[in-house]
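Heads up, the thing below is written out as structure tokens.
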Amino acid sequence: MGETLRMTSAEAAKLLRKLNEELDHVLLMEQQSREFSAALGEDVESVRPEYDYRAVQERIEALETRIRQVKHAISSFNLVQEVPGFEGMTIDQMLVYIPQLGRRKTKLSLMQQRLPRQREHVSYGGGSQIIDYSYANYDLEAVRADYERTSGELARAQTALDLVNTTVQLDIPMGQQAGDART
């Protein structure tokens with residue numbers, strides 16, 4: 003294996019964002035300079051933007067290669083790095099677990115906010131005097147307890163993942179460098 007850069011997952015994510023921004027910039031500059039217009043009778047060379055097709059394509063390819071290398075390193079790290087305090091759960095599993103907890107917390111929040119019996123807002127027209135009620139078919143205290151447990155577990159999972167992402171280092175292959183986007 004060749005030379006590598008050691009950095010945390012958070013740093014690698016910032017590097018990846020920087021590389022993607024640089025690629026977007028190169029693509030935009032290419033789009034703006036690969037074609038141009040000149041008025042009839044105007045000196046074409048005086049309005050021709052600077053554009054080197056081969057150099058731009060090589061730059062795009064180098065950036066795309068570097069992006070793949072960094073993404074692969076992050077993905078590989080996420081597949082094997084366990085999150086302390088979560089019984090063998092890896093980062094990639096945690097990235098599924100946290101949204102699951104978030105959805106559960108949202109559902110439990112809605113369930114705990116209702117009354118055991120609440121009047122429904124049903125309109126039958128014609129001035130009907132019928133009153134409809136809906137009833138919670140679950141133990142509100144159990145839902146409240148589950149909400150508190152889920153909320154705590156979500157906060158604990160997010161904190162544990164943040165700690166791993168900001169302290170544990172991974173190796174990013176040096177590969178083809180994109181400008182000075184090594185840091």
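In my numbering, the protein residues as written are 3 to 185.
Idealized CB from N, CA, C, for every residue including glycine.
From a predicted model like this one, the values you see are computed outputs, not experimental measurements.
Residue i in three-state terms, based on DSSP
i, result
"residue 39", "coil"
"residue 151", "helix"
"residue 134", "coil"
"residue 143", "helix"
"residue 84", "strand"
"residue 183", "Since pLDDT at residue 183 reaches only 41, below the 50 mark, its modelled position is unreliable, and the value read off the structure follows with that caveat. Here residue 183 sits in coil by DSSP."
"residue 170", "coil"
"residue 116", "coil"
DSSP beta-bridge partners of residue i
i, result
"residue 122", "Looking at the DSSP assignment, residue 122 forms no beta bridge with any residue, so it has no partner."
"residue 175", "6"
"residue 92", "84"
Integer Cβ distance of residue i from residue j, believed to fall under 8 Å
i, j, result
"residue 2", "residue 25", "Limits of the chain in this structure are 3 at one end and 185 at the other, which puts residue 2 out of reach."
"residue 170", "residue 71", "That belief does not hold up - the Cβ atoms of residue 170 and residue 71 are roughly 19 Å apart, past 8 Å."
"residue 175", "residue 67", "10 Å between Cβ atoms; not a contact."
"residue 96", "residue 145", "Between residue 145 and residue 96 the Cβ distance is about 25 Å, and since that is not below 8 Å, they are no contact."
Cβ-based burial, residue i [other Cβ within 10 Å; buried from 16]
i, result
"residue 16", "exposed"
"residue 166", "buried"
"residue 38", "exposed"
"residue 149", "buried"
"residue 159", "buried"
"residue 8", "exposed"
"residue 185", "Caution is warranted here: a pLDDT of 32 is assigned to residue 185, below 50, making its placement in the model unreliable, and the coordinate value is therefore given only provisionally. So residue 185 counts as exposed."
"residue 93", "buried"
"residue 117", "exposed"
Closest Cα partner of residue i within the set the options
i, options, result
"residue 52", "72, 108, 31", "31"
"residue 163", "99, 64, 120, 176", "99"
"residue 60", "28, 95, 10, 6", "28"
"residue 21", "56, 49, 73", "73"
"residue 12", "49, 79, 33", "79"
"residue 143", "120, 93, 136, 110", "110"
"residue 65", "19, 45, 103", "19"
Near the ligand ADP: residue i beta-carbon under 7 Å from a heavy atom
i, result
"residue 115", "Absence of the ligand ADP is noted for the structure shown, with no ligands found whatsoever."
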